[in-house]
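Visitor:
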Amino acid sequence: MSTDIQNPDTAAVRLPSDLTVRFFVLLLLILGSTASIYGHMWLVLAGGENEQCPSVDDIARVTGINAVTAEQLRGSTLMLLACGRPFTQGLLQAALAGTALVLVTAWVAYRLLPYWKMRYDSRLRDLVWQRLTMRRPRRSGLVPVEQSRHAEAIARLQALAGQLRLDPPPHFLVSRYASGELVFGTRNTAYVKLSDRLLDKRSTLAPAFDAVVLHELAHVRNRDNRATYLTVTLFRSFVGLALLPYVLVVLLPRAQAGSAGVHIGGLRSASTDLHVVLAVAILTGLVVLTRAALLRAREINADLTAARHDPHGCLRTVFGPAAAEADRASEPSRAARRWRRPGWLSNHPTPRQRLRALNHPGTVGAVDAVQLFVAGVAVSALTANVTLLAWHAMVASPLGRGLPSVFLVILLVAVVNAFSAGVIAWFATTAMWRQQFSSGHAGTSRALGYSVVMAAGLLVGEPLSMTYANAGVWAVFGGVGNHPLAGSATAALTLVAILAMVFVWSGENAAVLLARVRNSHRSASVASTVVAALGVLPVLTLWWLMHLQDMIATVHLGSRELAEQMGAAYWDGPAGPWLQAVYLPVQLLAAVPGAGAVIVACCLFTTVASLWRRPPGHLDRQADAPVRVGAVAGWGLGWAAVVIGGALLFTVWLQARFDDLNAVPRADLISYLCDVLVALAAVGGAAAALCVRDRRATVKLVASAVTAGVASLFAPVFVLAGACGISGVAACADRVPADYAGVIYGYAAPRLLVKTLLLAMFAVAVSAGVARLRRHFAGAQHPVPPAVAAPPAVAAPPGVASRVTAATALLFLGATLAMWTYYGAVFLAG
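Counting from 60, one number per residue, gives the positions in the sequence shown under our numbering.
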């Protein structure tokens, strides 16, 4: 079966098409731009100053907090946000109302567009000109072909529709006035409008006639009317209901706001500054460019579909001379000196671009870097607006019993970021699956390039959002924390690493599932998207929360002062400052129940899928080979044994060096021993990942998770041995409270899993980079085995020892995943 991703006759059509991807990017851009524009217009038009809270009574009156709490929180940022509650609510309402207005108007216009075209055979600007010049609008001159003077052409038109296997064929109409050809209609009925001029050429220029009709019929076969006309109505609604009102608000004179303007947590609107204007201009420019690119892609897709059903090569017969004529017209002449619309602003591709696409169809349809960059800008602008507005609305609401906890804030941001995580996962799945389908290899280098481009878009989109532009904040481009350059670099590299994890996983998942899916690729890709979104959601949420904080770039060595500030235990034992060092993003990630478990679930999803049997005749590549579960589980269990042995040796050494361990506070000692086990398990898990002879990162992380799971089950024994000595474990167990096991699992086990996986990811990435550099300097290419037909013989099943090892490892892993989640929730609740 052909793997042409543009061929609707293959299974690839079940994946999101190029047109779908571009339309989704445009929709995200219009949503983000509209919310930003309406939010700023509301701030400008609101005027005045926010209500101040100079006294405790004012704080209590405006925020609803009792007087005691208000006295404690006087002067804090939270109180500033709470005092700006009316403006915050107005911002949120304006952004939501403006976005809803544009969407509803675009949808209504889209539903009415077919009836408009049937009634008025004119473009909108022609109709407006007729109204302005007091002329009567020209009613439609559309008549069915069989009722016109070209009735004999209906046989040829239906024959061409039969070439594209359109059953039933669309309705062919003749326009007595307009000269262009057009396809329009509803979901179930398609109309092809042809001009008198074209039908007159059907006998004298038969190839040109067939080429034009085949192109229009290809639009019907591609079913691209919905995306096309939604694009048109969305763009016009955005321009008419968002962009033009914004220009009027900026240019028309208005009453000046107070001397300080509106200030809400940094937001201000005393004047429209360059940052806001630049943000709106860039977002609008991206909307225009994306719309033009979508319409060009629609035409090229129709050309490719028509060419596949054009045995006589009529399209090449037409585009070849047209391209040559365009090349001659590009020479210096009086006509050429006149201004022409650049190709990147045109709604139609040039004849040269069309001919190139026909000659090289494999280069069309892949998700390119520009789409990912623009999608990143749109997602970032939307997320920044929604996240900060939700945070402002929560803080500025009547708080009554006090301020929300840290975990409530994390939960709120996670709910808001579920959308952005889903969008990023969808783009990663679409890009890597289409790459795997078209070339048979979605490599790590391509995934890294995609992640860098999309991360750049996410970083650029933040200062373009309404929240950041109104506040005059340039996000990471303005520096982060006390070390601006280091903080910005850390935030950017962390985002690239998060996206690289998603893209690499999606590529490996595509290689495995595309060789094994028997029915719908769409269902498999949807499942891949959902799993990727769940896996990246905790990590992405914490990045959005902390990437502009200095603590994302700072690792604090353990100390008693730091422990007191965080409300944690601390003992200055051997290497205590290093073992009990605090990197807040990792600490918070480990504190979220199930954060590590969802990452493990993603890796298990791909690993288990590789064990499914391939359908006969599918391609067999090393990238989708079945996992050697015995080897993966064996390395995980082996390094877990090494970690446990090393931990026991450490307890023996600790008991020999410190005679007065009983004098150490029990909580401090347990905290220290848990950190020791976390460090040992992280190193052991990274070693297990590197020892697995499989290039797939997901498989390596499964071995790392097995090491972490088995080591965490040993945690209570290790703590008791460290506190009481190996020989006194049984006696000590009677003196240690039973809830210490909950403390150990709730505090140490989630951190153990998260830190083990993160260190394993880092080790795998460094190892892959070193191996690639070694191949590069050696002059060797990346080994991509050729695709061969899967042999009919079934491979030998794994042995008994391999199955027992794998079953043991999965049993340990399942038990510890459930235990981590349960005790983590209990620990946080307590």
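In this text, a Cβ means the ideal position worked out from N, Cα and C, and glycines have one as well.
Less than 8 Å between the CB atoms is what I'm expecting for residue 309 and residue 279, so what's the real figure, rounded?
Guide: About 43 Å; that fails the 8 Å criterion.
Visitor: Is DSSP giving residue 368 helix, strand or coil here?
Guide: Coil.
Visitor: For residue 169 versus residue 292, is the C-beta spacing smaller than 7 Å?
Guide: Yes, these two residues count as a Cβ contact at 7 Å.
Visitor: Thinking just about the alpha-carbon of each residue, which of 357, 514, 660 and 259 is nearest to the one in residue 285?
Guide: Ranking 357, 514, 660 and 259 by Cα distance to residue 285 puts 357 first.
Visitor: For residue 703, which residues from the same chain have a beta carbon less than 6 Å from its beta carbon, with the 5 sequence-adjacent residues on both sides left out?
Guide: The residues are 773.
Visitor: Check residue 252 in the structure and name its three-state DSSP category.
Guide: Note: residue 252 maps to strand in three-state DSSP.
Visitor: Is the beta carbon of residue 758 less than 7 Å from the beta carbon of residue 686?
Guide: Their beta carbons are under 7 Å apart, which means residue 758 touches residue 686 by this criterion.
Visitor: Assign residue 201 to one of three DSSP states: helix, strand, or coil.
Guide: In the structure shown, residue 201 sits in a strand (DSSP, three-state: E or B).
Visitor: Is it right to say residue 619 is buried, meaning 16 or more other beta carbons lie within 10 angstroms of its own, or is it exposed?
Guide: Flag for residue 619 reads exposed.
Visitor: Quick one: is residue 378 buried, meaning 16 or more other Cβ sit within 10 Å of its Cβ, or exposed?
Guide: It counts as buried.
Visitor: Excluding the five sequence neighbours on either side, which residues of its own chain have a C-beta within less than 8 Å of the C-beta of residue 661, listed in chain order?
Guide: Answer for residue 661: 564, 590, 591, 593, 594 and 757, listed in chain order.
Visitor: Rounding to the nearest angstrom, what Cα-Cα distance links residue 171 and residue 294 in this structure?
Guide: Distance between the alpha carbons of residue 171 and residue 294: 16 Å.
Visitor: When the Cα of residue 90 is compared with those of 600, 520 and 585, which residue comes out closest?
Guide: Per the Cα distances, 520.
Visitor: Looking only at its chain, what residues have a beta carbon closer than 6 Å to the beta carbon of residue 485, apart from the 5 residues adjacent to it on each side?
Guide: So the list reads 588, once near-sequence residues are dropped.
Visitor: Once you ignore the five residues that flank residue 80 on each side, which residues in its own chain have a CB closer than 7 Å to its CB?
Guide: Excluding positions up to five away in sequence, the list reads 426, 430 and 489.
Visitor: DSSP has residue 231 in a bridge; who is on the other side?
Guide: According to DSSP, which records beta bridges pairwise, residue 231 is partnered with 251.
Visitor: From what residue to what residue does the alpha helix (DSSP H) around residue 517 run?
Guide: It spans 503-523 - the alpha helix (DSSP H) in which residue 517 sits, taken as one unbroken run.
Visitor: Would you give the residue range spanned by the alpha helix (DSSP H) that residue 102 belongs to?
Guide: Start and end: 77-105.
Visitor: Would residue 74 and residue 826 be called neighbours here (beta carbons separated by less than 7 Å)?
Guide: No; because the gap between Cβ atoms is not below 7 Å, this pair is not in contact.
Visitor: Quick check on the DSSP output: what are the complete alpha helix (DSSP H) runs of length 4 or more inside the region 638-708, in order along the chain?
Guide: Fully enclosed alpha helix (DSSP H) runs of 4 or longer: 643-650 and 654-668.
Visitor: If you reduce the DSSP assignment to three classes, tell me which class residue 835 lands in.
Guide: Residue 835 falls in the helix class under three-state DSSP.
Visitor: If contact is defined by three or more beta carbon pairs under 8 Å, each pair taking one atom from either stretch, is the region 203-218 in contact with the region 254-269?
Guide: Yes, since at least three Cβ pairs between the region 254-269 and the region 203-218 fall closer than 8 Å, the two stretches touch.
Visitor: How far does the alpha helix (DSSP H) with residue 243 in it extend, from its first residue to its last?
Guide: Counting along the chain, residue 243 falls outside any alpha helix (DSSP H), though it belongs to the beta strand (DSSP E) covering 241-244.
Visitor: Less than 7 Å between C-beta atoms, sequence neighbours within five positions excluded: which residues of the same chain meet that for residue 701?
Guide: Excluding residues within five positions, the ones whose Cβ falls inside 7 Å are 743.
Visitor: Please name the residue in 749, 730, 814 and 778 whose C-alpha comes closest to that of residue 740.
Guide: Minimum Cα distance to residue 740 is reached at 814.
Visitor: What's the call for residue 288, buried or exposed, on a 16-neighbour Cβ count within 10 Å?
Guide: Classification for residue 288: buried.
Visitor: Got a sec? Which residues, its chain only, sit under 7 Å from residue 477 by beta carbon, not counting five neighbours each side?
Guide: 596.
Visitor: Along the chain, where does the alpha helix (DSSP H) that runs through residue 725 open and close?
Guide: Its alpha helix (DSSP H) spans residues 725-750.
Visitor: For residue 78, does the count of other Cβ atoms within 10 angstroms reach 16, so buried, or fall short, so exposed?
Guide: Buried, by the Cβ-count rule.
Visitor: Thinking just about the alpha-carbon of each residue, which of 338, 691, 202 and 614 is nearest to the one in residue 549?
Guide: Comparing Cα positions, the closest option is 614.
Visitor: Can you find the residues in the same chain that come closer than 8 Å, C-beta to C-beta, to residue 492, ignoring five residues on each side of it along the sequence?
Guide: Cβ within range, chain order: 74, 501, 565, 569, 573, 580, 584 and 587.
Visitor: Our contact map puts residue 405 next to residue 355 with C-beta atoms below 8 Å; I'd like the distance itself, whole angstroms only.
Guide: Yes, they are in contact, since the Cβ atoms of residue 405 and residue 355 sit about 7 Å apart, within 8 Å.
Visitor: Identify, in the order they occur along the chain, each residue of the same chain with its Cβ nearer than 8 Å to the Cβ of residue 724, setting aside the five sequence neighbours on each side.
Guide: Hits under 8 Å: 628 and 630.
Visitor: Out of curiosity, what's the CA-to-CA distance linking residue 265 and residue 475?
Guide: About 57 Å.
Visitor: Per DSSP, residue 615 forms a beta bridge with which residues?
Guide: Looking at the DSSP assignment, residue 615 forms a beta bridge with 641.
Visitor: According to DSSP, is residue 408 part of a helix, a strand, or is it coil?
Guide: Note: residue 408 maps to coil in three-state DSSP.
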